[in-house]
């Protein structure tokens, strides 16, 4: 089985800005530079034949290269308890259009369509019940931003879960139109 997702890898300068903002939440599992990404679509575990079909379908996507910038921070929670903190990206409309194209290609490959609302973001830390409060971090970094960076490709990643966190390996790169 292959655990897959489609995403964007931020360029080095954007990753450096995000790494510099990390800290200040007790017992948070901060992401490494290699883990930072914007998910376009989580796929999950698939057998090799379907993974190959997915790779081909993604290669048929035509979409123009675009700029994204980091813009603010937030958290996701379950029943009022934060489980991750993230940095937002903008503009939302452009990346949401690419998300829809990726989703449509995956549906044509036999996957179920994405049912959750799409909120483009870069996960900075994962939290558990022992993690400290996030309010101070969110207040301190509310205006976190970067200059826009050009994204010329998107990637198919394989995710391997490990005790120290997930490892992501780009297994295919798809060029965006110039």
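In the UniProt record's numbering, the protein residues as written are 1 to 178.
Every residue gets a Cβ at the ideal spot worked out from N, C-alpha and C, and that includes glycine.
Measure the C-alpha to C-alpha separation of residue i and residue j and round it to an integer number of angstroms.
i	j	result
residue 56	residue 135	43 Å
residue 2	residue 47	6 Å
residue 71	residue 10	13 Å
residue 139	residue 21	12 Å
residue 174	residue 103	15 Å
Which residue wins for smallest C-alpha separation from residue i, given the options the options?
i	options	result
residue 40	172, 156, 144, 12	156
residue 170	164, 153, 142	153
residue 69	175, 160, 149, 103	149
residue 54	87, 67, 112	112
residue 218	92, 44, 128	Nothing about residue 218 can be read from this structure; the chain reaches only from 1 to 178.
residue 19	78, 64, 141	141
residue 146	32, 4, 87, 59	87
residue 14	23, 37, 24	37
residue 73	98, 92, 123	123
residue 35	176, 178, 173, 160	160
Please state if the CB of residue j and the CB of residue i are separated by a distance shorter than 8 Å.
i	j	result
residue 29	residue 125	yes
residue 105	residue 61	yes
residue 151	residue 63	no
residue 132	residue 27	yes
Assign residue i to buried or exposed, taking buried as 16 or more other Cβ atoms, counted over all protein chains shown, within 10 Å of its Cβ.
i	result
residue 84	buried
residue 6	buried
residue 51	buried
For the beta strand (DSSP E) holding residue i, just list the boundary residues, first then last.
i	result
residue 74	66-78
residue 45	38-46
residue 122	121-126
residue 172	167-175
residue 87	81-90
Just to confirm the assignment, what range does the alpha helix (DSSP H) spanning residue i have?
i	result
residue 140	135-140
residue 20	12-21
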